[in-house]
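Just below is one structure, and these are the notes that go with it.
There are 2 protein chains.
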Amino acid sequence: MNYTSFFSEQSKASFQNEPPGEWMPNIPNDCIRLSSGYPDPQLVPVQEIDQAVHDLLTKEQDLPLHYLGTPKMDQLKSQITKHLNKRHISLQESELLVTAGACQAIDLISRVFMDRDTVVAIEKPTYMEALEIFKNYTSHFVEIPIDDQGMDTEQFEKMLMERKKNAQPLPKMVYTIPTFHNPTGTTMPVERRHQLMQLASEYDFLIIEDHAYGDLYFDELPPPLKSLDKEGRVLHVGSLSKIVAPGLRIGWIATTETLIQKLYWFKKDLDHPFLQAVMSTYLESYSIAEQSESLRLVYKEKAETMTRALELYMPEEVTWFYPDGGYFVWIQIDGVDTTKLLTTATENGVSYIPGEFFFLNREEGKSYLRLSYSYESKEQIEKGIKLLADVIKNNNKA
Amino acid sequence: MNYTSFFSEQSKASFQNEPPGEWMPNIPNDCIRLSSGYPDPQLVPVQEIDQAVHDLLTKEQDLPLHYLGTPKMDQLKSQITKHLNKRHISLQESELLVTAGACQAIDLISRVFMDRDTVVAIEKPTYMEALEIFKNYTSHFVEIPIDDQGMDTEQFEKMLMERKKNAQPLPKMVYTIPTFHNPTGTTMPVERRHQLMQLASEYDFLIIEDHAYGDLYFDELPPPLKSLDKEGRVLHVGSLSKIVAPGLRIGWIATTETLIQKLYWFKKDLDHPFLQAVMSTYLESYSIAEQSESLRLVYKEKAETMTRALELYMPEEVTWFYPDGGYFVWIQIDGVDTTKLLTTATENGVSYIPGEFFFLNREEGKSYLRLSYSYESKEQIEKGIKLLADVIKNNNKA
Numbered sequence: 001m002n003y004t005s006f007f008s009e010q011s012k013a014s015f016q017n018e019p020p021g022e023w024m025p026n027i028p029n030d031c032i033r034l035s036s037g038y039p040d041p042q043l044v045p046v047q048e049i050d051q052a053v054h055d056l057l058t059k060e061q062d063l064p065l066h067y068l069g070t071p072k073m074d075q076l077k078s079q080i081t082k083h084l085n086k087r088h089i090s091l092q093e094s095e096l097l098v099t100a101g102a103c104q105a106i107d108l109i110s111r112v113f114m115d116r117d118t119v120v121a122i123e124k125p126t127y128m129e130a131l132e133i134f135k136n137y138t139s140h141f142v143e144i145p146i147d148d149q150g151m152d153t154e155q156f157e158k159m160l161m162e163r164k165k166n167a168q169p170l171p172k173m174v175y176t177i178p179t180f181h182n183p184t185g186t187t188m189p190v191e192r193r194h195q196l197m198q199l200a201s202e203y204d205f206l207i208i209e210d211h212a213y214g215d216l217y218f219d220e221l222p223p224p225l226k227s228l229d230k231e232g233r234v235l236h237v238g239s240l241s242k243i244v245a246p247g248l249r250i251g252w253i254a255t256t257e258t259l260i261q262k263l264y265w266f267k268k269d270l271d272h273p274f275l276q277a278v279m280s281t282y283l284e285s286y287s288i289a290e291q292s293e294s295l296r297l298v299y300k301e302k303a304e305t306m307t308r309a310l311e312l313y314m315p316e317e318v319t320w321f322y323p324d325g326g327y328f329v330w331i332q333i334d335g336v337d338t339t340k341l342l343t344t345a346t347e348n349g350v351s352y353i354p355g356e357f358f359f360l361n362r363e364e365g366k367s368y369l370r371l372s373y374s375y376e377s378k379e380q381i382e383k384g385i386k387l388l389a390d391v392i393k394n395n396n397k398a
Numbered sequence: 001m002n003y004t005s006f007f008s009e010q011s012k013a014s015f016q017n018e019p020p021g022e023w024m025p026n027i028p029n030d031c032i033r034l035s036s037g038y039p040d041p042q043l044v045p046v047q048e049i050d051q052a053v054h055d056l057l058t059k060e061q062d063l064p065l066h067y068l069g070t071p072k073m074d075q076l077k078s079q080i081t082k083h084l085n086k087r088h089i090s091l092q093e094s095e096l097l098v099t100a101g102a103c104q105a106i107d108l109i110s111r112v113f114m115d116r117d118t119v120v121a122i123e124k125p126t127y128m129e130a131l132e133i134f135k136n137y138t139s140h141f142v143e144i145p146i147d148d149q150g151m152d153t154e155q156f157e158k159m160l161m162e163r164k165k166n167a168q169p170l171p172k173m174v175y176t177i178p179t180f181h182n183p184t185g186t187t188m189p190v191e192r193r194h195q196l197m198q199l200a201s202e203y204d205f206l207i208i209e210d211h212a213y214g215d216l217y218f219d220e221l222p223p224p225l226k227s228l229d230k231e232g233r234v235l236h237v238g239s240l241s242k243i244v245a246p247g248l249r250i251g252w253i254a255t256t257e258t259l260i261q262k263l264y265w266f267k268k269d270l271d272h273p274f275l276q277a278v279m280s281t282y283l284e285s286y287s288i289a290e291q292s293e294s295l296r297l298v299y300k301e302k303a304e305t306m307t308r309a310l311e312l313y314m315p316e317e318v319t320w321f322y323p324d325g326g327y328f329v330w331i332q333i334d335g336v337d338t339t340k341l342l343t344t345a346t347e348n349g350v351s352y353i354p355g356e357f358f359f360l361n362r363e364e365g366k367s368y369l370r371l372s373y374s375y376e377s378k379e380q381i382e383k384g385i386k387l388l389a390d391v392i393k394n395n396n397k398a
């Protein structure tokens, strides 16, 4: 049967894109996974989550297994709100919506704000999953270049002026990962943050601030855009995926109460009470701050191991940014197609994500790749970088 | 700040509706909850789920707590597929999509198929949550009357002929709960099912078959529409919410592989691997068939307790349908506004859901109410019906 006439106009437009997840490279199991954006398996609190489930079900019995959940869901909101307050985001619980991970947050925001002709400004490069979600909603993007200090707000201002002058449609939303950017690992300095907020006011756009890696700062956390937001233009998206465990799917949107109500409109029937209650029970014993404190030290060391190994083993034509937090190091290899190189790399036992998948126009990403130091041990990271350096050197000879 | 200019056209249209969940009556805690569509708390396998989590995490450690989950997710697909095969739905695993409950299933289907001007045929009355979701997508409904044998397919055929004759747009989708209908408890006989399938073919529409209560048959399960579907027109929506626990949010869509791929398009980033792995682990020890077997006997007895009490205590002007499975008894009280009556009822210690919330045009539901025998014990059910009968009798005198 031919279903074409049954599809909605919106989904027909989405189906013009490449199927979701097609970018995910197929990595053999025995590789050193510098491709993986997962937390270090050693740091996932498996026994503690098991215990939290047990405590919750012993105390509340069937209550958290019903549709509407338990008072723990409000408690989770309170725990997250208090944590954000510590991060200089002053927030009421009515200004927070708990979501099934940052991805549901991004999907909900897209649903509320984006039509097929909405112009969305994204960073170049940007998080491929977010891009995939946005492309389900709109086909119109403005790309803002990134340098070693994150989004180039000067460039962005010029682009906005140019578009205004030419009567081109202006972006209604800007999606940014200002802190420990995925994939580049860069962080916007505070001056750029202020400039972006000023542009938002001047050119009348909203900002989606993806703060998924924010708690994993090595030395200090720059002020979140949300903390600088006087007009209610920032939708701050956070997650406990990197701090506790991705599989529990706990994320959030922090924004004005007006917008929370609108976002909840489409969230109501897509809630996940049990996992929220489990997370809240877990956080009774281990606070977010405490958790992230211990993770930060480990990831800082792992990042240093990776960048030292890069310095030691990589040939001259390879360059990278030094991260101040998060999971990633962004690499450029002049004149190399990193997608083609991946086959050789995995054959030699090391993986990465080719740069092209983080670009709207893939061609522009061919010479980049994303390395992650989150998943593997320090020993494996060093070994992996050495393997990758050899692959690059041999490729040059060939 | 005024956000109106930022909202998408689609969400602006949704915001014209009443906010979601507004229908939910506020029920005092000490009421006998004949309003509640929850499983019997005694039948929620709390310890067993706790054990499943423990077994899963002991065996697989951090694996199910990552994004992509574990082989258990495929195992869950296999467990559900095998169960559906037993229900005479012949199905490959590629024809199944696991969702976060039936509500995510309905939302995904709406997203793939419905534009603002799509005509959707629904039963009158129908499940209020589904109606709420559909209204987020479209404003055009055709309502098919229900009698004691579920959807009146004769009437529906006449409506379709009429619309065709008048060159009115025909429904592209039909949403039906053919088996143990919510809220009416009715079940479509097999002849009507065949007629509906024939109409689908003749008038070229797809069918959303909501089968959430299907496994809770008292004596026999009529053939699901999906089992009669030769052309690939049925999207069969199921759930383990009533069989295991709603809070685990495990539902599914069973349909053709082509449609599964399209539905997955929007599902990919909204997955919940951990709960799928927990459910699969649970089902290793307790099969769906086994589970539903034991539940059926309990609910059958509770339904009998309720209908016997209705016969015993209700005044003459009260009528109802006898259910053959599921959770609900649908009541009509001639000349009474059941929404107004609810205040008196809860003051007297018993609750129900007023009928109006199950109707697109609420006025038409004023004299109806939905009772549920699922949540309370047999003693409480009898007591609750007696209380409600007294409330109705006193109301008549007033």
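Protein chains in written order, with UniProt numbering: chain A, 1 to 398; chain B, 1 to 398. Note that beta-carbon positions come from the ideal geometry of N, C-alpha and C, so glycine has one too.
Could you tell me the alpha carbon to alpha carbon distance between residue i and residue j, rounded to whole angstroms?
| i | j | result |
| --- | --- | --- |
| residue 80 of chain B | residue 368 of chain A | 43 Å |
| residue 101 of chain A | residue 252 of chain A | 7 Å |
| residue 25 of chain A | residue 353 of chain A | 7 Å |
| residue 162 of chain B | residue 30 of chain B | 50 Å |
| residue 134 of chain A | residue 323 of chain A | 26 Å |
| residue 8 of chain B | residue 397 of chain B | 52 Å |
| residue 185 of chain A | residue 202 of chain B | 57 Å |
| residue 238 of chain A | residue 230 of chain A | 19 Å |
| residue 257 of chain B | residue 46 of chain A | 36 Å |
| residue 120 of chain B | residue 127 of chain B | 14 Å |
| residue 175 of chain B | residue 125 of chain B | 11 Å |
| residue 171 of chain A | residue 357 of chain B | 40 Å |
| residue 214 of chain B | residue 280 of chain B | 20 Å |
| residue 345 of chain A | residue 351 of chain A | 6 Å |
| residue 267 of chain B | residue 107 of chain A | 10 Å |
| residue 337 of chain B | residue 33 of chain B | 19 Å |
| residue 78 of chain A | residue 276 of chain A | 12 Å |
So if DSSP puts residue i in a beta bridge, which residue, or which two residues, is it bridged to?
| i | result |
| --- | --- |
| residue 33 of chain B | B/351 |
| residue 173 of chain A | A/120, A/206 |
| residue 239 of chain A | A/251 |
| residue 330 of chain A | A/370 |
| residue 179 of chain B | According to DSSP, residue 179 of chain B bridges with nothing at all. |
| residue 325 of chain B | B/217 |
| residue 234 of chain B | B/207 |
| residue 99 of chain A | A/251 |
| residue 244 of chain A | Note: residue 244 of chain A sits in no beta bridge, so no partner. |
Give the residues of chain B in contact with residue i, contact being defined as C-beta atoms less than 8 Å apart.
| i | result |
| --- | --- |
| residue 50 of chain A | 53, 54, 57, 58 |
| residue 21 of chain A | 268 |
| residue 46 of chain A | 57, 61, 62, 65 |
| residue 115 of chain A | 8, 9, 10 |
Show which residues of chain A have a CB atom less than 7 Å away from the CB atom of residue i.
| i | result |
| --- | --- |
| residue 245 of chain B | 65 |
| residue 92 of chain B | Residues of chain A passing the Cβ test: none, with the nearest at roughly 17 Å. |
| residue 259 of chain B | 3 |
| residue 206 of chain B | 6 |
Give me the chain B residues within the contact set of residue i, using Cβ-Cβ distance strictly less than 7 Å, ordered along the chain.
| i | result |
| --- | --- |
| residue 272 of chain A | 100, 249, 272 |
| residue 136 of chain A | 266 |
| residue 14 of chain A | 265 |
Measuring only between beta-carbons, confirm whether residue i sits less than 9 Å from chain C.
| i | result |
| --- | --- |
| residue 339 of chain A | The chain labelled as chain C is not found among the protein chains of the depicted structure, namely A and B. |
Please confirm whether any heavy atom of the ligand PLP lies closer than 8 Å to the CB of residue i.
| i | result |
| --- | --- |
| residue 65 of chain B | Ligands displayed in this structure: none; no statement on the ligand PLP is therefore possible. |
Counting Cβ pairs closer than 8 Å, one from the stretch 90 to 103 of chain B and one from the stretch 375 to 389 of chain A, do we hit at least three?
-> no
Fully enclosed by the stretch 115 to 152 of chain B, which alpha helix (DSSP H) runs are 4 residues long or longer?
-> 128 to 137
Alpha helix (DSSP H) segments (min. 4 residues) lying fully within the stretch 266 to 303 of chain B = 273 to 285
Could you name each continuous alpha helix (DSSP H) segment of 4 residues or more that falls completely within the stretch 60 to 96 of chain B, going from the start of the chain to the end?
-> 71 to 86
Within the chosen definition, does the stretch 200 to 210 of chain A reach the stretch 227 to 235 of chain A through at least 3 CB pairs nearer than 8 Å?
-> yes
Could you tell me whether the stretch 297 to 304 of chain B touches the stretch 372 to 381 of chain B, where touching means 3 or more Cβ pairs closer than 8 Å?
-> yes
Would you call the stretch 12 to 22 of chain B and the stretch 132 to 146 of chain B in contact, with 3 or more CB pairs under 8 Å?
-> yes
Report yes or no: do the stretch 59 to 71 of chain A and the stretch 32 to 46 of chain B share at least 3 C-beta pairs separated by less than 8 Å?
-> yes
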